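Enquirer:
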Amino acid sequence: MAEQPLHRALGLTDGELDRIRNLLGRDPNDFELGVFSLLWSEHCGYKHSALLLRRFPTEGPAVLQGPGENAGVVDLGGGEACAFKVESHNHPSAVEPFQGAATGVGGILRDIVAMGARPVALLDGLRFGEPGFAFERAVGGIGHYGNCVGVPTVGGEAVFADAYAGNPLVNAMCVGLLPPERVTRAGASGPGNLVVLYGATTGRDGIGGASVLASQELSDEDEDKRPTVQIGDPFTGKKLIEASLELVERGLVESLQDCGAAGLASSLAEMAGRGGAGIDVHLDRVPLREPDLEPVEIMVSESQERMVAVVAPERLAEVEQVCGRWELDCAEIGSVTDSGLLRAFHDEEEVGAIPVAHLTEETPRYRVATAARTLSPPIEHPPVAVDGDDLLALLGSPNIRSRRPVFERYDHLVGSRTVRRPGLDAAVLRLRPSLRGLAVSLDGPGSAAPLDPRAAGASVVFEAARNVACAGGRPLGITDCLNFGNPEKPEVAWELAEAIEGMARACEVLGVPVVSGNVSLYNETDGRAIAPTPVVGCVGLVADVRAVPAGWREGDVVLLAGGGEPSLDGSEYQARYLGGAAGRPPPPDHAAEAALVHFLWRAAPGLAAAHDVSTGGLAVALAELALHSGVGADVELTADARAWFGEGPGRAILACPPERAEALEGVPLRRLGVAGGDSLLGVPLAELRAAWEADD
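Be aware that the sequence shown starts at 33, since it is given in our numbering, and climbs by one per residue.
1. Using the rule of at least 16 other Cβ atoms within 10 Å of the residue's Cβ for burial, across every protein chain shown, is residue 481 buried or exposed?
2. According to DSSP, which residues form a beta bridge with residue 590?
3. Look up residue 479 in the DSSP assignment and say whether it is helix, strand or coil.
4. For residue 612, name the three-state secondary structure that DSSP assigns.
5. Output the distance between the C-alpha atoms of residue 242 and residue 356, rounded to the nearest integer angstrom.
6. What's the gap between the Cα of residue 303 and the Cα of residue 199?
7. Starting from residue 437, trace the alpha helix (DSSP H) in both directions and tell me its first and last residue.
8. With DSSP run on the structure shown, which of helix, strand or coil describes residue 42?
9. Are at least three pairs of beta-carbons, each pair with one atom in the stretch 173–187 and one in the stretch 147–163, less than 8 Å apart?
10. With a CB to CB cut of under 7 Å and the five nearest residues on each side skipped, what residues in its chain are close to residue 394?
11. Output the distance between the C-alpha atoms of residue 446 and residue 685, rounded to the nearest integer angstrom.
12. With C-beta atoms as the reference, is residue 149 less than 9 Å away from residue 204?
13. How would you call residue 13, buried or exposed, if buried means at least 16 neighbouring beta carbons within 10 angstroms?
14. Can the beta-carbon of residue 177 be found closer than 9 Å to that of residue 233?
15. Taking only runs of the alpha helix (DSSP H) that begin and end inside the stretch 327–374, which ones reach a length of at least 4 residues, in chain order?
16. So, under 8 Å CB-CB, residue 145 and residue 335 are touching, yes? Tell me the CB distance rounded to an integer number of Å.
17. Using a threshold of 9 Å, state whether the C-beta atoms of residue 566 and residue 502 are closer than that.
18. Which residues mark the beginning and the end of the alpha helix (DSSP H) in which residue 119 is found?
19. Quick one, which of 710, 85 and 726 has its alpha-carbon nearest residue 427's?
20. Cutting at 6 Å between CB atoms, please list the residues of its own chain near residue 206, excluding the five before and the five after it.
21. Please list the segments of the alpha helix (DSSP H) lying wholly inside the stretch 597–680, counting only runs of 4 or more residues, in order along the chain.
22. Of the residues 314, 347 and 321, which one's Cα is nearest the Cα of residue 385?
23. How far does the alpha helix (DSSP H) with residue 550 in it extend, from its first residue to its last?
24. In this structure, how does DSSP classify residue 167 when only helix, strand and coil are distinguished?
25. Looking at the unbroken alpha helix (DSSP H) that takes in residue 62, where does it start and where does it end?
26. Give the C-beta separation of residue 80 and residue 400 to the nearest angstrom, bearing in mind that I take them to be a contact with Cβ-Cβ under 8 Å.
27. What's the C-alpha gap between residue 281 and residue 604?
28. Could you have a look at residue 318 and say whether DSSP puts it in helix, strand or coil?
29. Given a cut-off of 9 Å on the beta-carbon distance, is the pair residue 519 and residue 508 in contact?
30. Report yes or no: do three or more beta-carbon pairs, one from the stretch 469–480 and one from the stretch 570–590, lie closer than 8 Å?
31. Using CA atoms only, rank isn't needed, just tell me which of 557, 432 and 666 is closest to residue 647.
32. Give me whichever residues DSSP pairs with residue 568 in a beta bridge.
33. Taking the Cβ atom as the reference point for each residue, do residue 103 and residue 88 lie within a distance shorter than 9 Å?
34. According to the neighbour-count rule (16 or more other Cβ atoms, all chains shown, within 10 Å of its Cβ), is residue 189 buried or exposed?
35. By a C-beta neighbour count over all protein chains shown, 10 Å radius and 16 as the cutoff for buried, is residue 511 buried or exposed?
36. Thinking C-alpha only, which one of 375, 517 and 602 is nearest residue 61?
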């Protein structure tokens, strides 16, 4: 068998090699080719998605930093700002779930720290083929890293579907707080300033992760990719967080950058590109844990728990002193230049020299070819009689049952900010010492996404915002993680483009910008793509955490807010009991969805309870709220599957004292009944809880 050319083995096409030759005016050496392969990979370069992402609205009155940095930042007022971002670690988690998930958490923590923010919360979105060993290992990795560094995991979701059997999704979101004037950016500027690497030592773990692993499809033969999965050390990660924040607070660094995907190659190129400068790096100065690393291995290693800083020469001793106190390796490995080149040296010998613009601005940008799929017509479902047994069965199904066994493995109280814990809509964190709060959510689509990707993209934005609003939060910003298959396949490219269009329109009508995010493509195994999965995180400002809706009480009126007719098409009920997702769910009414979000965050302080109606429909949402409140309700629903379990339009269950209900206005409201008693829809709460909390 003929040996594959080096550029192809590294993930570059023949056309891209020709482009590199033309840009350089010569052949690249092997070191330079390795750097190009990583910076031009889909994971780092977004070459199949960058043009599509321009569709997102990214500006707004609260935005301090939009896309293009390590994380987005919004102004909360009162001298506080919030940095937040969601990223994927899908392929590493497919190869080794524990370390893949753990290092995904570590990476997103460093992104927030690189903005000068202290991480205060984590959320995770997990999608696996089924509950089992791989899922449990991923949960273990998330809990291990988050618990060790002392950052609470306060929300997220876990979804199980056959589409993710060979390619699970592990999306991690982090939220941090900082003063607005301390927003730290990653641009390298000021010729003569020093480049400092600090944190853990550098080894072979993670080499090729961004290109060989993250930017290609998987197959059954991927055991050989296990060495490209990074190994996390959360105790070093905790020291790195504290040292980084001290460096920023004391003004000892000019800029800061996480050393993650593609290692030094990406970190240095991005810093130089953002600062309009060049960088000379001396790889023999990098602290190593394996003494025999080749220069290219040092340059592209993805060893975890490392940060790169630009430091003025006169501050170097102070930086070294801070790192020494936190027992972190620290080395001056290079300097900022005005050459516009990323030059690498080893033992004083130049091993590579590439114009920074070739690695950043000249990254290929492909306009993907799309092949639209004809959407199915809605299904005319005949009436299907349901009763309490159907509710018990759906309530105990894998995608709806209680996530307590998952989130109890995470510390969700460390830091003493958590006002609302995981388990209902958005979590809420207190902005101490004030009584204001931050509502945070992370949501993805259900089984309806393949049926209409544009509607799914819009719906997931509205759901994330609705969850924040149900907790009393006024949505301020969005972060997204776009998980799709191979974009070189026209049908997948169409799904990606449609989902982005749907998300963009929803953000526009809400007036909420996208300030950060991540694209994860090539999520395929042996040619089978995952379902289109846009995941959205939302943050919102809560005026007073004492007024966050808690749960309904005896005598409260139970109302349904929002109009529109639910459908069984694309619902969890259909997917589980009617042969799988089919038909076409109703597209969201954008004006009505935005009005509902606006109504909810304004009305929430006066409500006893507010809960989004989503997966499982109205009956499941009522059961969840009854169990959360510890009180039943006397409500009446037509005993038909569509009324009980239909999904689609944005709706929310509200509860409040009768006198308060009369003052509510702005959206369609329907009285469902009155809270009280120890049963719901004819089923005792004890039976509902037993089904919801059952372990298979």
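Note that beta-carbon positions come from the ideal geometry of N, C-alpha and C, so glycine has one too.
On a predicted model such as this, the values are computed, not experimentally measured, just so you know.
Expert: Taking the geometry as given:
1. buried
2. 687 and 705
3. coil
4. coil
5. Note that residue 242 scores 47 on pLDDT, short of 50, meaning its location in the model is unreliable and no value can be drawn from it.
6. 32 Å
7. 436–439
8. coil
9. yes
10. 55
11. 30 Å
12. no
13. Shown here, the chain extends from 33 to 728; a query on residue 13 therefore has no answer.
14. no
15. 327–332 and 348–357
16. The pair is not a contact, with the Cβ atoms about 17 Å apart (cut-off 8 Å).
17. no
18. Premise fails: residue 119 lies in the beta strand (DSSP E), 112–120, not in any alpha helix (DSSP H).
19. 726
20. 140, 141, 144, 151 and 154
21. 604–609, 622–635, 649–661 and 673–677
22. 314
23. Counting along the chain, residue 550 falls outside any alpha helix (DSSP H), though it belongs to the beta strand (DSSP E) covering 546–552.
24. helix
25. 62–71
26. 5 Å
27. 48 Å
28. coil
29. no
30. yes
31. 432
32. 475 and 512
33. no
34. buried
35. buried
36. 375
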